[in-house]
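Top line first, the protein sequences correspond to chains V and E. Going by my numbering, the first sequence opens with residue 75, and the numbers climb by one from there. Going by my numbering, the second sequence opens with residue 33, and the numbers climb by one from there. We put the beta carbon where it would ideally sit given N, CA and C, even for glycine.
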Amino acid sequence: MAFLIAFHWGWLLGALLIGLAMGWVAVVHRGPRVSRPVMLGLSALAMALVAIAITHVVPGRPGYWLELLLVMFVPYLVGCTIGSWLRALVVARSMRLGAAG
Amino acid sequence: MRGLFRWSGKWWPGIIPLLILWGFAAWVSTAPLENDLSARSAAALKSAVLDRTKIAVDGRDVSLGAYAFSEEGRRDALALVAAVPGVRLVDDGTRLVAEAKPFVWSAERDVVRVTLGGNAPLPAVKAKLSEAARSALKGVEVADQMALARGAPPRFEDAALLLIGQIGKLKDGKFTISDGDIALTGMARELGGRESLALALKDLPEGFKIASNEVRAPPYIFQAYKDPVAVTVTLSGNVPDENIHAVVVGAASRRFFNEKVVDNLKTSLGAPSGFVNAVVPALGALSRLSTGTLAVSDREIKLSGDALYDEAARQIQSGLAKDVPQGWQVKAEISVKPAAAPVDATVCQQLFSDLLGKARIRFETGRADIDRDSAGLLDRLVEIALRCPSANIEVAGHTDAEGEEATNQALSQKRAQAVVDYLVKAGLPADRFTAVGYGSTQPVASNDTGEGRAQNRRIDFLVR
Chain V
75 MAFLIAFHWG
85 WLLGALLIGL
95 AMGWVAVVHR
105 GPRVSRPVML
115 GLSALAMALV
125 AIAITHVVPG
135 RPGYWLELLL
145 VMFVPYLVGC
155 TIGSWLRALV
165 VARSMRLGAA
175 G
Chain E
33 MRGLFRWSGK
43 WWPGIIPLLI
53 LWGFAAWVST
63 APLENDLSAR
73 SAAALKSAVL
83 DRTKIAVDGR
93 DVSLGAYAFS
103 EEGRRDALAL
113 VAAVPGVRLV
123 DDGTRLVAEA
133 KPFVWSAERD
143 VVRVTLGGNA
153 PLPAVKAKLS
163 EAARSALKGV
173 EVADQMALAR
183 GAPPRFEDAA
193 LLLIGQIGKL
203 KDGKFTISDG
213 DIALTGMARE
223 LGGRESLALA
233 LKDLPEGFKI
243 ASNEVRAPPY
253 IFQAYKDPVA
263 VTVTLSGNVP
273 DENIHAVVVG
283 AASRRFFNEK
293 VVDNLKTSLG
303 APSGFVNAVV
313 PALGALSRLS
323 TGTLAVSDRE
333 IKLSGDALYD
343 EAARQIQSGL
353 AKDVPQGWQV
363 KAEISVKPAA
373 APVDATVCQQ
383 LFSDLLGKAR
393 IRFETGRADI
403 DRDSAGLLDR
413 LVEIALRCPS
423 ANIEVAGHTD
433 AEGEEATNQA
443 LSQKRAQAVV
453 DYLVKAGLPA
463 DRFTAVGYGS
473 TQPVASNDTG
483 EGRAQNRRID
493 FLVR
């Protein structure tokens with residue numbers, strides 16, 4: 075894992091930035107939401123992929139690509155979380171200012 | 033927290049650029065990643081002793097193909113690659129190097145090159161042997177045809193290095209190690225090469241022995257040429273050591289009383305066994321010839337020349353074959369020198385006196401047995417006696433004044449008789465000779481000195 079992070083830090087940073095941007099936008103976005111069952115399904119899929127990666131079932135390059143995908147997905151999620159949280163802070167603050175004003 | 037959950041429902045659109053980024057990352061990073069792992073795996077295996085190592089990287093999986101020299105080495109190699117950061121799986125394509133039974137190694141020398149063949153236990157040993165051959169024989173091509181195999185006997189390297197150190201002694205040939213047995217074949221560069229090899233390989237590592245030494249050496253030559261014109265005997269060729277050198281030159285000086293001994297001998301190893309016991313009688317036989325050549329080559333003695341009379345030729349032919357040690361061959365080509373012109377009795381007496389003035393007939397101490405060294409002298413006395421067939425000859429025995437007179441008289445009588453017997457055996461009529469023993473009654477020098485006594489111990493020939 076340490077090796078993957080060290081070797082791919084540029085790409086991971088990219089994934090983090092995409093996540094940040096997505097998280098930032100998600101707070102005020104008015105588009106459709108993913109429903110709870112679909113969310114569970116996606117989570118199950120993610121868990122399955124993680125399980126496959128950990129058990130080294132997929133050999134060679136495909137195995138590596140799977141790991142790369144999972145490793146990039148983590149900073150994406152982190153980015154989304156941080157982005158949403160920051161945006162939420164900003165929105166709450168402007169709402170407080172608006173209420174005060 | 034609830035907010036976070038709510039927002040996460042809207043994070044999915046970001047997955048699309050994430051997937052694009054991922055695809056791009058996979059596209060760009062796969063080859064550098066594989067190269068990096070390959071390079072670091074190879075570096076990790078630097079310290080491992082392996083043959084024909086192949087590293088193939090697919091994603092983060094490394095297939096290691098290699099031949100290891102022990103089970104432990106094989107496991108270690110796999111562990112080394114597995115420990116490289118970033119390697120996910122190691123595909124085990126390793127094997128043990130085949131075990132050779134028997135473990136054979138050889139070094140073959142011919143005119144232009146040395147070929148190292150058979151098996152070496154490790155790449156490092158292989159390289160070391162090859163290098164040792166190069167430095168042992170500067171300027172000679174070294175062809176390394178050694179394969180790698182397990183199963184070398186302990187201390188194989190020391191034994192092989194010892195052999196390589198000796199390969200310079202061969203002109204051509206082969207040294208072979210088969211497990212603990214060493215076989216040597218070929219032709220040595222120098223005389224005594226076989227012996228010097230055996231000597232150098234005396235201290236082989238434990239567990240090794242010389243199973244066969246079939247190294248041949250150039251023939252061991254010894255020659256003697258008796259030149260009647262220059263009145264010399266020239267000794268040339270080889271003798272095994274300084275002691276034998278002295279023995280041979282001493283024997284030659286005693287037997288060739290009339291000739292000057294020219295010593296061109298050199299000391300060299302490799303003499304066939306029984307050398308001195310063959311060469312000394314052969315020199316004795318040569319001393320009986322008027323002119324002749326003695327050529328000893330290994331265990332073959334060739335003697336050619338002219339004997340002084342018929343019976344001498346026969347005696348030399350049959351006697352020498354009996355005198356040499358077993359295993360030696362004698363080829364004698366003896367002809368007989370044409371008889372010299374007859375002379376009258378006074379000339380005969382003069383010739384006897386001249387000859388006995390140069391040398392005395394020797395006997396074994398205190399006995400009446402003629403020393404073999406005197407055969408040449410006696411033959412010359414026979415030759416003179418043959419030139420005056422009508423003369424009657426008194427063979428007079430004398431002793432020094434040591435000891436009792438009666439004993440001396442008896443000894444001198446017996447010694448004179450022994451000489452007469454020799455003359456009769458040579459074919460001269462017995463009735464021409466009388467043996468008389470004078471004891472110490474007719475000294476020719478003082479009995480007070482050793483030299484004088486030696487002069488008094490003598491046999492005289494008196495023509496009557």
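- E/R248 and E/R221 do not touch by the CB rule: their CB atoms are close to 11 Å apart, not below 8 Å.
- Residue contact check for V/M121 against chain E: no CB pair falls below 7 Å.
- For E/I52, the uninterrupted alpha helix (DSSP H) run begins and ends at 47–76, by DSSP.
- Looking from the CA of E/E365, the closest CA among E/L326, E/L96, E/A262 belongs to E/L326.
- For E/V136, the uninterrupted beta strand (DSSP E) run begins and ends at 136–141, by DSSP.
- Closer than 9 Å at the C-beta level to chain E, one finds these residues of the stretch 89–100 of chain V: A89, I92, G93, A95, M96, G97, V99, A100.
- Taking C-alpha positions only, V/I126 is separated from E/G91 by approximately 16 Å.
- Of the candidates V/A80, V/R170, V/P136, the residue whose Cα lies closest to the Cα of E/W59 is V/P136.
- E/S472 and E/A428 have their C-alpha atoms spaced approximately 11 Å apart.
- Sequence-distant Cβ neighbours of E/Q474 in its own chain, meaning closer than 7 Å and more than five residues away, are H430.
- For E/R127, the uninterrupted beta strand (DSSP E) segment begins and ends at 121–128.
- Counting every other CB atom within 10 Å of its CB across the protein chains shown gives V/V145 a total of 16 or more, marking it as buried.
- Not flagged as an interface residue toward chain V: E/D83, since no C-beta distance is shorter than 7 Å.
- Annotation: E/R145 is outside any alpha helix (DSSP H); the continuous beta strand (DSSP E) that includes it extends over 145–152.
- Taking a beta-carbon distance threshold of 7 Å, E/D176 does not count as an interface residue toward chain V.
- For E/L77, the closest Cβ of chain V is not nearer than 7 Å.
- E/S244 is bridged by DSSP to E/A215.
- Within chain E, the residues D90, G91, D93 have their CB atoms less than 7 Å from the CB of V/G134, given in chain order.
- Shown here for E/A467: same chain residues with a beta carbon closer than 6 Å to its own, the five before and five after excluded, namely V427, A448, Q449, V452 in chain order.
- In this structure, the alpha-carbon of E/A156 lies about 59 Å from that of E/L352.
- The DSSP assignment places no complete run of the beta strand (DSSP E) inside the stretch 105–173 of chain V (cut-off: 3 residues).
- Of the residues V/V102, V/G88, V/V148, the one whose Cα lies closest to the Cα of V/W159 is V/V102.
- Of the residues assessed, E/N67 falls on the exposed side of the cut-off, its CB having fewer than 16 other CB atoms within 10 angstroms.
- Rounded to whole angstroms, E/A159 and E/L96 show a C-alpha spacing of 24 Å.
- Listed along chain V are F81, H82, W85, L142, each with a C-beta nearer than 8 Å to that of E/S61.
- Taking a cut-off of 8 Å on C-beta distances, the stretch 295–303 of chain E does not touch the stretch 384–403 of chain E, as fewer than three cross pairs fall below it.
- Within chain V, the residues placing a beta-carbon under 9 Å from that of E/R120 are H130, G137, Y138, E141, ordered along the chain.
- Between E/F289 and E/A391, the C-beta gap is smaller than 7 Å, which places the two residues in contact.
- Chain-order list of chain E residues neighbouring V/R107: G41, K42, by C-beta distance under 7 Å.
- Residues of the stretch 176–192 of chain E that bring their beta carbon within less than 9 Å of a beta carbon in chain V are absent altogether.
- Boundaries of the alpha helix (DSSP H) harbouring E/L352: 342–355, taken from the DSSP string.
- Taking C-beta atoms under 8 Å as the contact rule, E/V328 and E/A310 qualify, at a distance of about 7 Å.
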